[in-house]
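Under full-length UniProt numbering, the first residue of the sequence shown is numbered 1, with each subsequent residue one higher.
Glycine residues also receive a C-beta, built at the ideal position from the N, C-alpha and C atoms.
The structure displayed is predicted, hence computed values, not measured ones.
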Amino acid sequence: MTKNNEYLTLCLRVIGISGLHPQKTVTLYTVVNIVLFACIFMLSTVKVITNFNLAQIEVMCYLFNVTQFIHDTWTRIGVVLAKKRAVYRLLDAVERFHTINFRSPENALYLMYFKTLRYYFTYQMLSLILLLIKPLIMGGSSTFDCYYPPRTPFLAVFLLESHSTIFMFLIYTATNILLCTLIILVVAQFQLVNGNIRTLDLERICDNTNLHICLGFLRKNIIYQNALFAYVEELKELMSMALFAQLLINILLICTSMYAISSTHTTLVDGIRSGVVTFSVLFETLFLYGLPSQLLTDQAEEMRNSIYCHTEWYLPGTESIRKYLLIMMMRCQRSVCISAQGFVDVNNRTIVFVKILHKKENGKDIYIYFRKNLEVIVMLATCNRIGVVLAKKNVVNRLLDAIERFHNIDYRSPGNALYLTYFKMLRYVEELKRLMSMALFAQLLINVLLICTSLYALSSTNITFIDGIRSGLISLSLLFETLFLYGLPSQLLTDQSEEIRNSIYCHTKWYLPGTESIRKYMLIMMMRCQKPVCISAQGFIDVNNRTIIFRLSLWIPSFDESIAGQLTRVVTKPCTCSHQAVCLSHLQTTRQQTTKSHLPWITRANSFHTYVLARRGAPSTVLKSCKSELDIIASEVTS
1 MTKNNEYLTL
11 CLRVIGISGL
21 HPQKTVTLYT
31 VVNIVLFACI
41 FMLSTVKVIT
51 NFNLAQIEVM
61 CYLFNVTQFI
71 HDTWTRIGVV
81 LAKKRAVYRL
91 LDAVERFHTI
101 NFRSPENALY
111 LMYFKTLRYY
121 FTYQMLSLIL
131 LLIKPLIMGG
141 SSTFDCYYPP
151 RTPFLAVFLL
161 ESHSTIFMFL
171 IYTATNILLC
181 TLIILVVAQF
191 QLVNGNIRTL
201 DLERICDNTN
211 LHICLGFLRK
221 NIIYQNALFA
231 YVEELKELMS
241 MALFAQLLIN
251 ILLICTSMYA
261 ISSTHTTLVD
271 GIRSGVVTFS
281 VLFETLFLYG
291 LPSQLLTDQA
301 EEMRNSIYCH
311 TEWYLPGTES
321 IRKYLLIMMM
331 RCQRSVCISA
341 QGFVDVNNRT
351 IVFVKILHKK
361 ENGKDIYIYF
371 RKNLEVIVML
381 ATCNRIGVVL
391 AKKNVVNRLL
401 DAIERFHNID
411 YRSPGNALYL
421 TYFKMLRYVE
431 ELKRLMSMAL
441 FAQLLINVLL
451 ICTSLYALSS
461 TNITFIDGIR
471 SGLISLSLLF
481 ETLFLYGLPS
491 QLLTDQSEEI
501 RNSIYCHTKW
511 YLPGTESIRK
521 YMLIMMMRCQ
531 KPVCISAQGF
541 IDVNNRTIIF
551 RLSLWIPSFD
561 ESIAGQLTRV
571 VTKPCTCSHQ
581 AVCLSHLQTT
591 RQQTTKSHLP
601 WITRANSFHT
611 YVLARRGAPS
621 TVLKSCKSEL
631 DIIASEVTS
């Protein structure tokens, strides 16, 4: 192995210890490990089935967490055993990669990611130790809470489960790091090809000798780029099914963990454990697979910008090279990405797909902590702006220098009244994305946090009138800020960059005879305009008018809950044992004041008002009377 592949060497050694090395044959030791692991899996599944009770939330969540880990390990074993040839071809291709110094400044991001993988490996080893200590502390319990016949010796159970646990952790951790490293290595190779294309100097083409040199250099990079595309296809074939299974399991795990957090019977220890599990799943989804896949997509698409902005393809005498560049740009129109069996592309947006922020239970605990300290969140937003100014001073200076070189535009003319200071220069936009990307990502997180806390405040039964107005104003101001400060300008930027394509096609009369030489330039410009220019929040979500839809997807469910909660509070407030008459009269008044627009909220209230009344200690007669009145209200409104 070369210096590039020291992490692959470590992963293969760890997998080799477990007996599943992809370049070696399966031994008896491997078969014994898999059989023991299958026994643990079946015993744990039996215990889950026999103890599945939603009332015992801590038992159910713990058993599901164990089963989730076992299922994930099975998918890793399937990857290593069923795809041995694909793994072997990938490792053979890595050996032919160009050597890259990951300690150089331009590769600092990859070095930081490899350090993150080291932290992940350390975290997994600590988890292994804690899991093995549990039976010793609990005294005679099982590591995975498996079912065993009575009078089974504890020492035999402990040794069996310890061996299987070590086997599972080695396979699970090493395979994760192996797959992530394979992605990062090909990302670095795509970056190397982009750098080679940018160094292509077409100004020196003055004779056939230099032309042949440039053509030979370009052909070598095209051949190498095709080899990288083939490598990515092998990688997709290897990872696709495993990622799909893991996404399904992770979503189920998040659901059970959030159910545990929102349960009234959950203890502090169970809440902390469920929170750690949720954070670990999101961390794994984002940093182990989302971030490397996002880097792969970005670097593969960057080839188009490298050709269009850095090769000086428009110079005379470059007609023969221009054809190669055009075909390369056409290939870059298709995104290079890792997908989970075609259901969802694995990148930074995957963390949005596995979203849990719209659940009201999440905003509940956050609001309880921040309800008197919303200024803390505002301070976080202010620190975010200060960090942009201080940490990105060089980028800001380059942007200001670019503005000085812009063509003069009369912004008071009718045609330019909407655009003010929004420009559509490609290289300027790239600098702008570097400046704003991380800041917008942080602001989206802070704004989502504020929206969740504000809307939970609106649905609270103890909220005052002033707090309700404040929470509503906060939500509206955040939506206004997202739309008019960032969404609308970014949408205008995208629209104007795409409008170049329509301008060329509809207004240049390119079809006239004698325009063949100019037509080639127009074709390359149209190819570049196929990909819209947009500002993104660190690749998680594009910032444009559709961002407001993303915010509303967080707002509407919580708004639904808040209105239903307020109606239920009005309807059920007087419902106690001593106030049955007041309760019925209040419901009759509500019937007279209700319109058809309130029907959805009445339906929602009718579905859970029994639970609210029962919690208030109302007798069965009150429950039946209130339910009949609500049914009458709903039927009258419908008619």
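Compute the distance between the beta-carbons of W313 and L202, then report whether it is under 8 Å.
-> Translated into the one-based positions of the sequence shown, residue 313 becomes position 313. Translated into the one-based positions of the sequence shown, residue 202 becomes position 202. The beta carbons of W313 and L202 sit closer together than 8 Å.
Distance, V31 Cα to R528 Cα = Locating residue 528 in the sequence shown gives position 528, where the first residue counts as 1. Locating residue 31 in the sequence shown gives position 31, where the first residue counts as 1. Straight-line Cα distance between these residues: approximately 54 Å.
Option nearest residue 640 by Cα separation, candidates L282, V533, S536, Y231 | Residue 640 is absent from the model: the chain starts at 1 and stops at 639.
As assigned by DSSP and simplified to three states, the class of S536 | In the sequence shown, residue 536 corresponds to position 536, counting from 1. Correct three-state label for S536: strand.
Give the straight-line distance between the Cα atoms of F343 and K220, rounded to the nearest whole angstrom.
-> Counting from 1 along the sequence shown, the entry for residue 343 is found at position 343. Counting from 1 along the sequence shown, the entry for residue 220 is found at position 220. Cα-Cα distance, rounded: 35 Å.
Check I34 in the structure and name its three-state DSSP category.
-> Here residue 34 refers to the residue found at position 34 of the sequence shown. Looking at I34 - three-state DSSP - the assignment turns out to be helix.
Per DSSP, cross-strand counterpart(s) of I338 | Residue numbering aside, residue 338 sits at position 338 when the sequence shown is read from its first letter. I338 is bridged to V346.
Between S607 and the rest of its own chain, which residues show a CB-CB distance below 8 Å, the 5 nearest in sequence each way excluded?
-> Along the sequence shown, read from residue 1 onward, the residue named residue 607 stands at position 607. Confidence at S607 is low in this model, with a pLDDT of 46, below 50, so the placement of that residue is unreliable and no value is reported for it.
Tell me whether I466 is buried or exposed, calling it buried when 16 or more other Cβ atoms sit within 10 Å of its Cβ.
-> Here residue 466 refers to the residue found at position 466 when the sequence shown is read from its first residue. Exposed, because fewer than 16 other Cβ atoms sit within 10 Å of the Cβ of I466.
Enumerate in chain order the residues of its own chain whose CB-to-CB distance from I321 is below 7 Å, with the five nearest sequence positions on each side excluded.
-> As a working note, residue 321 is residue 321 in the sequence shown. Taken in chain order, the residues that qualify are L202, C214, L215, L218.
How should F480 be labelled, buried or exposed, when 16 other C-beta atoms within 10 angstroms of its C-beta is the threshold for buried?
-> Stepping through the sequence shown from its first residue, residue 480 is reached at position 480. Exposed is the call here.
Locate the alpha helix (DSSP H) running through Y324, then write down its first and last residues.
-> Here residue 324 refers to the residue found at position 324 of the sequence shown. Its alpha helix (DSSP H) spans residues 319–331.
Option in P489, L182, T27, V193 with minimal Cα separation from A86 = Start at 1 with the first residue of the sequence shown, and residue 86 comes out as number 86. When each option's Cα is compared against that of A86, the closest is L182.
What number of angstroms, rounded off, separates the C-alpha of E499 from the C-alpha of I524?
-> Translated into the one-based positions of the sequence shown, residue 499 becomes position 499. Translated into the one-based positions of the sequence shown, residue 524 becomes position 524. Near 15 Å, if we compare the C-alpha coordinates of I524 and E499.
Skipping 5 residues on each side, what residues in its chain have a beta carbon closer than 8 Å to that of V193?
-> Your numbering for residue 193 matches position 193 in the sequence shown. The residues are N221, Y224, Q225, L228, M303.
On the three-pair Cβ rule with 8 Å, is the stretch 105–112 touching the stretch 151–167?
-> no
Just the Cα atoms here: how many angstroms apart are P574 and S471?
-> Counted from its first residue, the sequence shown places residue 574 at position 574. Counted from its first residue, the sequence shown places residue 471 at position 471. Per-residue confidence for P574 stands at a pLDDT of 42, beneath the threshold of 50, marking its modelled position as unreliable; no derived number is given.
Reduced DSSP category for D542 - H, G, I as helix; E, B as strand; rest coil | By one-based count along the sequence shown, residue 542 stands at place 542. Strand at D542.
A491 by DSSP, collapsed to three states: which one?
-> The sequence position of residue 491 within the sequence shown is 491, counting from 1. The displayed chain sequence assigns Gln, not Ala, to residue 491. The answer is helix: DSSP assigns Q491 an H, G or I state.
Could you tell me how far apart the beta carbons of C332 and A174 are, in whole angstroms, since I believe they sit closer than 8 Å?
-> For the purposes of this step, residue 332 is taken as the residue at position 332 of the sequence shown. For the purposes of this step, residue 174 is taken as the residue at position 174 of the sequence shown. Their Cβ separation, rounded to whole angstroms, is 34 Å, which puts C332 and A174 out of contact at 8 Å.
With a CB to CB cut of under 8 Å and the five nearest residues on each side skipped, what residues in its chain are close to K236?
-> To locate residue 236, count along the sequence shown from 1; it is residue 236. Once the five neighbours on either side are set aside, the close Cβ partners of K236 are I338, S339.
Compare the Cα-Cα distances from F244 to each of Q496, D345, S335, L91 and report the closest residue.
-> Residue numbering aside, residue 244 sits at position 244 when the sequence shown is read from its first letter. Considering only alpha carbons, the answer is D345.
Sub-8 Å separation of L179 and M239 beta-carbons | Here residue 179 corresponds to residue number 179 of the sequence shown, with the count starting at 1. Here residue 239 corresponds to residue number 239 of the sequence shown, with the count starting at 1. Cβ distance < 8 Å, so L179 and M239 count as in contact.
Coil, strand or helix - D298 by DSSP = Working through the sequence shown from its first residue, we reach residue 298 at position 298. Judged by DSSP in its simplified three-state form, D298 adopts helix.
Length of the line joining the Cα atoms of F102 and L117 = Here residue 102 corresponds to residue number 102 of the sequence shown, with the count starting at 1. Here residue 117 corresponds to residue number 117 of the sequence shown, with the count starting at 1. For F102 and L117, the distance between alpha carbons rounds to 15 Å.
Between the beta-carbon of N348 and the beta-carbon of Q294, is there less than 8 Å?
-> For the purposes of this step, residue 348 is taken as residue 348 along the sequence shown, with counting starting at 1. For the purposes of this step, residue 294 is taken as residue 294 along the sequence shown, with counting starting at 1. Yes, these two residues count as a Cβ contact at 8 Å.
Cut-off 8 Å between Cβ atoms - residues of its own chain near V35, not counting five sequence neighbours on either side = As a first step, residue 35 is located in the sequence shown; it is residue number 35 there, counting from the start. Closer than 8 Å at the Cβ level, and outside the excluded window around V35, lies no residue.
Does the Cβ of M168 have 16 or more other Cβ atoms within 10 Å, making it buried, or fewer, making it exposed?
-> By 1-based counting over the sequence shown, the position of residue 168 is 168. Buried is the call here.
Confirm, please, whether the CB-CB distance from S490 to V543 is below 8 Å.
-> Sequence index remark: in the sequence shown, residue 543 carries index 543 (1-based). Sequence index remark: in the sequence shown, residue 490 carries index 490 (1-based). Yes, Cβ-Cβ distance for V543 and S490 is below 8 Å.
Report the option in C534, Q124, I254 whose CA atom is closest to the CA atom of D495.
-> Numbered from its first residue, the sequence shown carries residue 495 at position 495. If we check each option's Cα against that of D495, C534 comes out closest.
Quick one: is T311 buried, meaning 16 or more other Cβ sit within 10 Å of its Cβ, or exposed?
-> As a first step, residue 311 must be located in the sequence shown, where it is residue number 311. Only buried fits T311, as 16 or more other CB atoms lie within 10 angstroms of its CB.
Are the Cβ atoms of Y120 and V186 separated by less than 8 Å?
-> Within the sequence shown, residue 120 is the residue found at index 120, counting from 1. Within the sequence shown, residue 186 is the residue found at index 186, counting from 1. Contact flag unset, no.
Nearest residue (CA-CA) to L128, options T99, L160, V157, I166 = Translated into the one-based positions of the sequence shown, residue 128 becomes position 128. L128 has its Cα closest to that of I166, out of T99, L160, V157, I166.
Do you know how far the Cα of Q341 is from the Cα of E233?
-> Stepping through the sequence shown from its first residue, residue 233 is reached at position 233. Stepping through the sequence shown from its first residue, residue 341 is reached at position 341. Between E233 and Q341, the C-alpha separation is close to 13 Å.
Consult DSSP for L200 and reduce its assignment to one of helix, strand or coil.
-> On the sequence shown, position 200 is the one that residue 200 refers to. Residue state, collapsed to three classes: coil.
Option in L291, C309, L90 with minimal Cα separation from G195 | Here the question's residue 195 lines up with position 195 in the sequence shown. Of the candidates L291, C309, L90, the one whose C-alpha sits nearest the C-alpha of G195 is C309.
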